[in-house]
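Below is one structure, written out as C-alpha cells; the observations come after it.
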Amino acid sequence: MASPATSTDLERALQRYGDDLYRVALLLAPDATRAGRALLLATSRLAAADSRGDEPALLRALLAALPARPAGRRLRHMPEWTEPPAQHADHKPLLLAIARLPQAPRLALGLSLLRAFEPAQIAAIIGGDEPAVRTQLRDALLALAPHAALDRAPAIVLIADAPEDCRPTRAALGLADARLRHDPAIRGHLATCSACRAAELAWAQLIATAEEVLRGALREARLPATLAAQVQAAARAPQAGTSRHWLANPRVRIALVALPVIAIIAWLVWPRAAPPATSTAAAPVPPAASTAELVRRARDLLYTPVADAAIWHGQYAIQWNFPDNTYALLTADQWLDPAGGRHRLQLVHHTGGGPYEFELADTEGRLWYAGSPNYAAALYPFKTYSDRLRLQINASAEQRAQMLAARLRSGAWSIAEAYLRQAAGAELHAWGRQQDADGHLLQLVSFPGTSPLALPDGAPGAGTITIMLAIDEQTGRLREVRELFGGAGAEQTTRTTWRVLAEESLAAAAGDRIFDQRTAWNGTGTFDEVGLVISAQLPLLVPDQLASPALLLDIAGSALRLPATLPPDADTLYLLNRSPNQPAAGSVPGSLTWIAAGGGRQVAINTSDRDNRLPGFAADERLTIAGARVALKALPGRRYRAILALGDVSALGTPLVSQVSTIGYTRAELIALIESLQPPTLAMFRAQAPLLVEPRPHDAAWQALLGALADPPQPPPGGARHFTEQVFKRQLAQPDPLADPYHRPPYGGWPERFSQENWARTSPLSNTLETVSLTRDAGGTLIARQYRGAAAEWDYDALADRTQRFVGRRVIPIVNEDQAIVLRMLGCGGAQLAEANGQRTLMLTESAGGAGMCLKPEYIELGRIQRLGAGYATEQTPYLADIDAPITTVITLGADGRPVRIVVIGGAPASGTLLESWERTGEELLAPDQLPADLFSAQPPPARLRALYGSPDAPGSVIEPTTQTITTALALARSPLLGFLPGEGQPALVSLDAAPPPEQAIGRIYSLSTDSVFGRMLAEGYLIRAVYTARTSGGLQLVRFYQGAAGEVGAYLRWQAQWLQSAPQTLRIGGRNLPAWQAIDRDSGTAWLLFELDGTLIAVESPTPELLPVLAQLQPIGTAAP
20 MASPATSTDL ERALQRYGDD LYRVALLLAP DATRAGRALL LATSRLAAAD
70 SRGDEPALLR ALLAALPARP AGRRLRHMPE WTEPPAQHAD HKPLLLAIAR
120 LPQAPRLALG LSLLRAFEPA QIAAIIGGDE PAVRTQLRDA LLALAPHAAL
170 DRAPAIVLIA DAPEDCRPTR AALGLADARL RHDPAIRGHL ATCSACRAAE
220 LAWAQLIATA EEVLRGALRE ARLPATLAAQ VQAAARAPQA GTSRHWLANP
270 RVRIALVALP VIAIIAWLVW PRAAPPATST AAAPVPPAAS TAELVRRARD
320 LLYTPVADAA IWHGQYAIQW NFPDNTYALL TADQWLDPAG GRHRLQLVHH
370 TGGGPYEFEL ADTEGRLWYA GSPNYAAALY PFKTYSDRLR LQINASAEQR
420 AQMLAARLRS GAWSIAEAYL RQAAGAELHA WGRQQDADGH LLQLVSFPGT
470 SPLALPDGAP GAGTITIMLA IDEQTGRLRE VRELFGGAGA EQTTRTTWRV
520 LAEESLAAAA GDRIFDQRTA WNGTGTFDEV GLVISAQLPL LVPDQLASPA
570 LLLDIAGSAL RLPATLPPDA DTLYLLNRSP NQPAAGSVPG SLTWIAAGGG
620 RQVAINTSDR DNRLPGFAAD ERLTIAGARV ALKALPGRRY RAILALGDVS
670 ALGTPLVSQV STIGYTRAEL IALIESLQPP TLAMFRAQAP LLVEPRPHDA
720 AWQALLGALA DPPQPPPGGA RHFTEQVFKR QLAQPDPLAD PYHRPPYGGW
770 PERFSQENWA RTSPLSNTLE TVSLTRDAGG TLIARQYRGA AAEWDYDALA
820 DRTQRFVGRR VIPIVNEDQA IVLRMLGCGG AQLAEANGQR TLMLTESAGG
870 AGMCLKPEYI ELGRIQRLGA GYATEQTPYL ADIDAPITTV ITLGADGRPV
920 RIVVIGGAPA SGTLLESWER TGEELLAPDQ LPADLFSAQP PPARLRALYG
970 SPDAPGSVIE PTTQTITTAL ALARSPLLGF LPGEGQPALV SLDAAPPPEQ
1020 AIGRIYSLST DSVFGRMLAE GYLIRAVYTA RTSGGLQLVR FYQGAAGEVG
1070 AYLRWQAQWL QSAPQTLRIG GRNLPAWQAI DRDSGTAWLL FELDGTLIAV
1120 ESPTPELLPV LAQLQPIGTA AP
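Heads up, the sequence shown is in our numbering, so the first residue is 20 and it goes up one at a time.
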C-alpha cells in the first residue's frame, strides 16, 4: 500500500507531467481510450507498489501497462493523431509511417523528439543499453526518410553503400555518436568530404522534420479533465489497513473514481442561487473570506516574501508561449534578500538547461541581466533588442528595485498577474474549499475570462474560457491557476498554466551562495558592461538605441506613423533607432520604431519603404481601414501583428508600409489604433515627450525647449497666420571664377541674407493645413516659392527656373526652421538655460567636428567638402572651411516661450564668427478679406524645368536610354535635330539614343552609368545623344555629342553643372561664326565643347582639334515634333 508521502509525490508528478505522459500514451496506444486506460493502470500500479513518483518511473509503468502489438501485425485503424488538419495535409505520410513503427523504436523516437531525452535516459526507461537505443533511433529515422519529403534525402545512404573512407563518419552520423565531436579523424573527414557534410545536413533535416511533424500532431493533445481526475484519484491509493477485497477489481475502482467527478459536474451545471458549503476531513476552519477579498489579497501578495524571511525562495511552474507558436513549461525561481536588497530571478525549461531569462542584483550596485533570443523576441518587437543579450549594469538601490518589479510584471512572470487583474473585474464564482497535497486549505474561485497565453480578444478563433484560481485561505496567497475548456454538457479539458512548486524561507547563510553571480549563472557567454540601465521594462535596450525625438518632426518630415492619442494603459514611450551605430540613419524609413508600454500591454510601430513582414506571415484577416489595406495576424500570448499598406510614399517615392505589433490589446482596440494612425505632429510630440524614455534628465532647460514648441497664435476661421523671417547663412566672399553661362553659380545664385514671408491656414476645401512661402533677396526679387496643401505640393526655384512637384503624397505638416533646431536640441541634451534682463536663452556648445556634432551633424561632411578646394567651397552654406573652434547655438525665447532669434556661432559666443542666424521679424493674424488674391493657388509658376516625384501609380524603374530611329528621334526632339547628312566623305551615323520626355519622368530611377550632368539630362528626356564616325586628319574618330532645346538645357546646366574651368572659343559652322565654350567637368575631368545653333544647345564630348572641321558640317536633319 502507498504511504502518504509517496502518494503526494505521485500526485505532483502527475500534475507536472500529465499532459506529456498522455501524449506518449497516445503515441504508443492504438487509440485514445486504450491510452487513457494504460495511463490509469500505470498510476494504480505505482501507487500500489509505493514507488517513487518521478517521470522516468511513470514512463516505465506506462510502457508496462500498454498492450504490446505482435510483431508483423498491422494496425486495423490508424490513431487520430495521424490525421493532420487540412493546412498540414502533407504531414500525413510521415505520421502514418511513425504509427507503423514497432512499439520500441516508436517509444524511443517519441521520447527523443517529444521530451528531448538523451539515448542514455531512454535506455534507463526501457531497460536496454545506450548503443541499442541509438540503433533503434537510427533505424526508425531511416524508415521515415522516404515519407519526409526532404530536400537532401539522397544524401542519407546506407553505410554499406558509402565509400570505404566515409563509412566511419556515416556510422557516427546515423547514431549521433559522440565521436562526431571528439574524434579528430571523423571531424577531419567531415571538414574535407562534401558528401559526408551533405549527409550530416540531411540527417539534421530529417530529425527536424520528424520533430516538427510529430510535435505538431500531438501539440494540442492534453490530459482530459475526467481522466485527470481519475488518474489523481488512482495516485491516492488506499493506505495500509484500509483496503477491501472488492476494491482490488480495477473496473470497480474506475467506477468509484468516476462517480465523484460526475457528481461534481452535475453540481456545477445544476441551477442554484449560491454555491453550497463543502466540508473536508480536516478540523473545522474559519469562515471563508469573500471571493473578491480573496482575489485582492492574492494580487497584493503575489511574489512577495513573508515578513520574517531572511532569504525568500519561490519556485513556480509556468506555461509559456513563444512568438513562433511553440510552447514550453518553465520553472521560475525567485530568491529575495529583503534586508540586503539582493534578488535573483531565473526562468528555465522544466527539464533544465540554460536560462531563458536571468537577473541578479548584489549589494554593491551591480546587476546582471540576460535573455535568450527566443525569449527576448516575445518582449522586444521587431528585434529591437541589442545584440548584446547579457548585460552587467550599474544600478542604484532604487533602480534594482525597479528592475525586480518590472521582471515580475513582464513575460512569463506576468501571467499570474494577468489572471488576477481579470478576476478583479469579473463575476466570481466560489467552488468551495479543497485541501491540497501539502495540507493547504484552498478556496477555489472561478470566473469567465481569456487566457494570457491564447489569442487576443475578438480574434477569429478566440473565445472565453473558465479560469479557476486556487487561493490559500489562511495566507491569502495564490497557489494554482487552471484553464477549463469546453461548454456545459460537453467534455471539458483543463490545463494548469501557473502553479506554486515551493515557497519557503531559507537561512541567511544561504544568501552568499545564491547571490554569487559566478556560481548562479549557468548559461553560456560573458556579460557586457553597459553602465546605466535605461529601461527597467526593457533592460536589453542600450543608450545608443534611443533615437532623438527630432527625427520624428525633422524639416523633411518622418515616415513613421503614430496614433493620434496614446493607446490605453500606455505610460512609457520609447523611440528606437534600429541602426544604433548610425544615428543619422534614424531619418531613413524603417529605422525608427515607436513603442508604448504600460499595464502589462505593449504597442510597437515601424514604418518602412519595404514590406518587412515576418517570414511565413499568413494573415487571418484582410481589411481596409481608414483607406489603408491591412493584413491582421492573431498570435498566441494575446499578440497581434498587422501589416498596413498606407498608400503614402516616402521622400524617394517608394510606397510606405507600417507594421504594428501589440501585446494584450483586443482586436477592437487594434483597429481603433490603426484608424488613428497619422504622421507625427507637434501636438502629438508635446503630449508624448514627457513619457519618452531618454538617457538625460527632464530639467529646466528641457522644459523650456518643450515650451518653445508651443502652437503659434491661430487665425480666425478662413483667415491665415502671416509671419516674416530674416535668414543669414555665411558664404565665402569671392567672385565667380567662371565666365561661361552654362554652369551653376556659387551657392546657386542665392544671397547670403534673404527674407521669407509665410502664410498658414486651414484650407476651406480640405480642412487640412495649407501653407505658402515666398523667399526674396534684399532688393525684394523673388528667389523661391513653396506651396503645401491637400491639392498639391510643389517647390519653385526662380534662379534655376525649375518647379518640383510631389504627387500622390499625403500632406505632411512640417515644422518650421526654428522648431527643427529646438527639436534637435531636445534630442541632443546638454542645453543650458539662462535668464538676463527678463529674456531667456538656451545655449548648446559642441566641438567643431567628429562625434561631438549632435545639433549640427551636417557640419561634419559640409566642412570636409568645403576644404577640398575651389568649386566645392561654394556649393552649400554656411561656409565652415576656416572654422576650427567649438560651435555654439543660442536660442532666444520670446515672452510666449517660442523662439524669436537663433544664432550659430563659430568660436566664443560674444566674439566668434556668425555662421547662421534666423529671426522672426513679424507675425500677424489676417482675416479672409485681408489675404492677397490667388495667394493659396495650387498651380505652380511656369518654368523651363519641371520635375515630378512620388507617384505611387508609376512605380520606379531603371531608366536606360534606348537607340532610336531618325523618325522616332525627331518625334522626341524638343528643338531642331542636328547631325550630318549621308553622303560620300560625310560622317556615318552609329546611333541616336533617347529616353521618354521629362513629362513622363515620374518616379524614375536612373542607371548608375549616368555619372555626368549630360547623362542625367539624357535619362530625363531633355537631351538626345548622337554618335558618328568621321575621318579626320588624325584618322577615324568617334564624334559623340548631346543636343537639346537651348532654353531647357541651359537652365539645367545653370542648376547642376560644376566646371573645374571654362574658356571661350569661336566655331565656324555653316558659314557662321558661333560663340562656344570649352569646359572641364569638375568631378570627372571630361572636356566638353558647348555652343548653340538654331535654338539647339550642343555639348560635344572630349573634342579634339581634328574634330572641329567635322563639326562645321553640322546641319538640321529634320524638323522636330512641335
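In this text, a Cβ means the ideal position worked out from N, Cα and C, and glycines have one as well. For clarity, every value in this text was computed on a predicted model and none was experimentally measured.
Notebook entry, point to check: Residues in its own chain within less than 8 Å of Arg498 by CB, not counting five upstream and five downstream?
Noted result: Taking Arg498 as the centre and dropping the five residues before and after it, the same chain places the C-beta of Asp455, His459, Leu461, Ala489, Ile490, Asp491, Arg518, Val519 closer than 8 Å to its C-beta, in chain order.
- Query: For the beta strand (DSSP E) that Glu713 lies in, which residues bound it at each end?
  - Reply: Taken as a continuous stretch (DSSP letters only), Glu713 belongs to no beta strand (DSSP E), as it is neither H nor E.
I think Ala579 touches Ile614, with their Cβ atoms under 8 Å apart; what is that distance to the nearest whole Å?
-> The residue asked about is misnamed: residue 579 is Leu in this sequence, not Ala. With 8 Å as the limit, Leu579 and Ile614 do not qualify as a contact, their Cβ atoms being about 12 Å apart.
- Message: Give me the residue from Leu246, Thr154, Thr591 with the minimum Cα distance to Leu59.
- Response: Leu246
Report the partner residues of Trp354 according to the DSSP bridge assignment.
-> His332, Arg363
Since I believe Pro928 is in contact with Val19 (beta carbons under 8 Å), could you give me their beta-carbon distance rounded to a whole number of angstroms?
The question about residue 19 has no answer here: the residues shown for the chain are numbered 20 through 1141.
Checklist entry - Which of the three DSSP states, helix, strand or coil, is assigned to Tyr878? => result helix
- Query: Is the Cβ-Cβ distance between Leu242 and Asp38 less than 9 Å?
  - Reply: yes
From the beta carbon of Ala521, is the nearest beta carbon of chain D less than 9 Å away?
-> Of the protein chains in the structure, only one exists, and it is not chain D.
Helix, strand or coil at Ala1049 according to DSSP, with G and I counted as helix: If DSSP states are grouped into helix, strand and coil, Ala1049 belongs with the strands.
Note to self: For Glu417, count the other beta carbons within 10 Å of its own beta carbon; 16 or more makes it buried, fewer makes it exposed. Which is it?
What the structure shows: exposed
**Q.** Sequence-distant residues of the same chain with beta carbon closer than 8 Å to Leu784, five excluded per side
**A.** Ala809, Ala810
* Over the uninterrupted beta strand (DSSP E) stretch that includes Thr612, give me the two end residues. => 611-617
**Prompt:** For Leu996 versus Gln1062, is the C-beta spacing smaller than 9 Å?
**Reply:** yes
Beta-carbon proximity list for Arg157, same chain, < 7 Å, skipping 5 on both sides: Excluding sequence neighbours, Arg157 sits near Gly193, Leu194.
So what's Phe341 in DSSP terms, helix, strand or just coil?
coil
*Note down the Cα distance separating Ala900 from Arg1087, rounded to an integer number of angstroms.*
Their backbone Cα atoms lie some 44 Å apart in a straight line.
Exercise for review: Check whether the Cβ atoms of Ala1045 and Thr1115 lie closer than 9 Å to each other.
Suggested key: no
Alpha-carbon to alpha-carbon, Leu594 and Thr469: The straight-line gap separating the alpha-carbon atoms of Thr469 and Leu594 is approximately 31 Å.
Q: State buried or exposed for Leu1055, treating a residue as buried only when at least 16 other CB atoms are found within 10 Å of its CB.
A: exposed
message: I'd like the list of long-range same chain contacts for Leu874, defined as Cβ closer than 7 Å, with 5 residues on each side in sequence excluded.
response: Arg843, Met844, Cys847, Leu863, Glu865, Thr908
Inset, instruction - Starting from the Cα of Leu551, find the closest Cα among Asn413, Arg426, Val649 and give me that residue. - result: Asn413
- Query: In terms of residues, what are the limits of the beta strand (DSSP E) holding Val834?
  - Reply: For Val834, there is no enclosing beta strand (DSSP E), since its DSSP letter is neither H nor E.
Between Ala48, Leu581, Leu82, Gly1053, which lies nearest to Ser695 when the distance is taken from Cα to Cα? Ranking Ala48, Leu581, Leu82, Gly1053 by Cα distance to Ser695 puts Leu581 first.
- Query: What are the start and end residues of each continuous alpha helix (DSSP H) run of 4 or more residues lying completely inside the region 429-471, in chain order?
  - Reply: 434-443
From Ala1049, Leu40, Pro1017, residue whose alpha carbon lies closest to that of Gly998
Ala1049
- Query: What residue does the beta strand (DSSP E) around Leu592 start on, and which one ends it?
  - Reply: 591-596
If we count the other Cβ atoms within 10 Å of its Cβ and call it buried at 16 or more, is Ala723 buried or exposed?
Note on Ala723: 16 or more other CB atoms within 10 angstroms of its CB, so buried under the neighbour-count rule.
Sequence-distant residues of the same chain with beta carbon closer than 6 Å to Ala277, five excluded per side:
Annotation note: pLDDT 45 at Ala277 (below 50); position unreliable, no value reported.
- Task: Compute the Euclidean distance between the alpha carbons of Leu237 and Leu585, then round it to the nearest angstrom.
- Result: 41 Å
Taking C-beta to C-beta, are Leu431 and Ile337 nearer than 9 Å? Sequence check: residue 431 is Ala here, not Leu. A contact, by the Cβ cut-off of 9 Å.
Quiz prompt | Beta bridge counterpart(s) of Gln536 as assigned by DSSP | solution = In the DSSP output, where bridge partners are listed per residue, Gln536 has none listed.
**Study point:** CB of Leu525 within 9 Å of CB of Ala727, strictly
**Key:** no
Query raised in the report: Whose C-alpha, out of Thr893, Leu1011, Lys111, Arg749, is nearest the C-alpha of Thr987?
Result: The candidate whose alpha carbon is nearest that of Thr987 is Leu1011.
Requested in this report: Report the rounded CA-to-CA distance for Thr62 versus Leu81, giving the unit in angstroms.
Outcome: 8 Å
Item to complete: Would you tell me roughly how many angstroms separate the C-alpha atoms of Leu33 and Val250, rounded to the nearest one?
Response: 8 Å
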